[in-house]
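Protein sequence lines, in the order shown, are assigned to chains Y and U.
Per my numbering, the very first residue in the first sequence carries number 1; after that it's consecutive.
Per my numbering, the very first residue in the second sequence carries number 115; after that it's consecutive.
All C-beta atoms in this analysis are idealised placements derived from N, C-alpha and C, irrespective of residue type, glycine included.
None of the values given here were measured: they were computed from a predicted structure.
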Amino acid sequence: QQQVKQSPQSLIVQKGGISIINCAYENTAFDYFPWYQQFPGKGPALLIAIRPDVSEKKEGRFTISFNKSAKQFSLHIMDSQPGDSATYFCAASNAQGGSEKLVFGKGTKLTVNP
Amino acid sequence: GAVVSQHPSWVICKSGTSVKIECRSLDFQATTMFWYRQFPKQSLMLMATSNEGSKATYEQGVEKDKFLINHASLTLSTLTVTSAHPEDSSFYICSARRIGPGAGYGYTFGSGTRLTVV
Chain Y
1 QQQVKQSPQS LIVQKGGISI INCAYENTAF DYFPWYQQFP GKGPALLIAI RPDVSEKKEG
61 RFTISFNKSA KQFSLHIMDS QPGDSATYFC AASNAQGGSE KLVFGKGTKL TVNP
Chain U
115 GAVVSQHPSW VICKSGTSVK IECRSLDFQA TTMFWYRQFP KQSLMLMATS NEGSKATYEQ
175 GVEKDKFLIN HASLTLSTLT VTSAHPEDSS FYICSARRIG PGAGYGYTFG SGTRLTVV
């Protein structure tokens, strides 16, 4: 019930291409779905987040698509750049329900080749 | 805004000694802070949830007496690894939940502390 499954484990994309990372969850009480970017030796940084009342959110080159019925959400990185090479984590929490814990996916290592 | 400062960024200590890691929210108040442990090429593993003025809530399997957490104020939480051993070597990361008008559900992470026990 608490799992968030993330795929793929690793992804290699050419510069300018689209990077797509997918996550699926089980707990329908989750109401907050953030994506984090982590560079080696650094803490995760919030990239973009979505609530379940919205099907899509876009911020610059980053877009979250959310499918409530399928219990899936994905991150799209348009015009991928070498500087986007990092590990990306999806997460979920039941913030309104009082459980503040973030449940993380296992991460996706993205490599963008120049 | 919403900056979390974590110190030290790296520390090497001898086996059997204790190490304290600080986590400060610089520009916001955080009633709740979280401590994570991350092994190489793995995801973040929640160790404990720290609430200001009360005892921390530890996740199953985390030794309370080894990993002491204190959340003395709305801007400071500390993690002390007591009697550290080489198997405690890891990357420790704190996170703070913002509160107040407009804070939403945001969680801000510190930059992490690389602990090496020799």
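| Check | Outcome |
| --- | --- |
| Would you mind listing the beta strand (DSSP E) stretches within the region 26–96 of chain Y that are 3+ residues and don't spill past its ends, in chain order? | 33–38, 45–50, 56–59, 62–67, 72–77 and 86–94 |
| Please list, in chain order, all residues of the same chain as S209(U) whose beta carbon is under 6 Å from its beta carbon, the five residues on each side excluded. | F148, Y221 and F223 |
| In the DSSP output, which residue or residues are listed as bridge partners for L160(U)? | Y150(U) |
| If distances are taken between C-alpha atoms only, which option among R211(U), V232(U) and S225(U) comes closest to T65(U)? | With chain U covering 115 to 232 only, the question about residue 65(U) has no answer from this structure. |
| If you draw a straight line from the alpha carbon of M78(Y) to that of K15(Y), how long is it in whole angstroms? | 10 Å |
| Within 10 angstroms of its Cβ, does T189(U) collect 16 or more other Cβ (buried), or is it exposed? | buried |
| What does the alpha-carbon distance come out to for the pair S22(Y) and F73(Y)? | One detail in the question is off: residue 22(Y) reads as Asn in this sequence, not Ser. Cα to Cα, the separation comes out at about 6 Å. |
| Closest Cβ-Cβ distance between F104(Y) and chain U: below 7 Å? | yes |
| Please state the DSSP three-state secondary structure of E100(Y). | strand |
| Relative to the C-alpha of D107(U), which candidate in S187(U), H185(U), Y150(U) and G167(U) has its C-alpha closest? | Residue 107(U) is absent from the structure shown; chain U starts at 115 and stops at 232. |
| When you compare the region 115–129 of chain U with the region 162–182 of chain U, are there three or more beta-carbon pairs, one atom per stretch, that lie closer than 8 Å? | no |
| What's the C-alpha gap between T87(Y) and K42(Y)? | 11 Å |
| Less than 7 Å between CB atoms is the rule here; does E100(Y) satisfy it with respect to chain U? | yes |
| Quick check on DSSP: helix, strand or coil for E173(U)? | coil |
| Determine the chain Y residues that contact I207(U) at a beta-carbon separation under 7 Å, and present them in chain order. | G43 |
| Please confirm whether R138(U) has its beta-carbon closer than 7 Å to some beta-carbon of chain Y. | no |
| Please confirm whether G175(U) has its beta-carbon closer than 7 Å to some beta-carbon of chain Y. | no |
| List the residues of chain U that L11(Y) touches, going by C-beta distances under 8 Å, in chain order. | The contacting residues do not exist; L11(Y) stays about 15 Å from chain U at best. |
| When burial is assigned at 16 or more other CB atoms within 10 Å of the CB, is F39(Y) buried or exposed? | exposed |
| In chain Y, which residues lie with their C-beta within 7 Å of the C-beta of R211(U)? | E100 |
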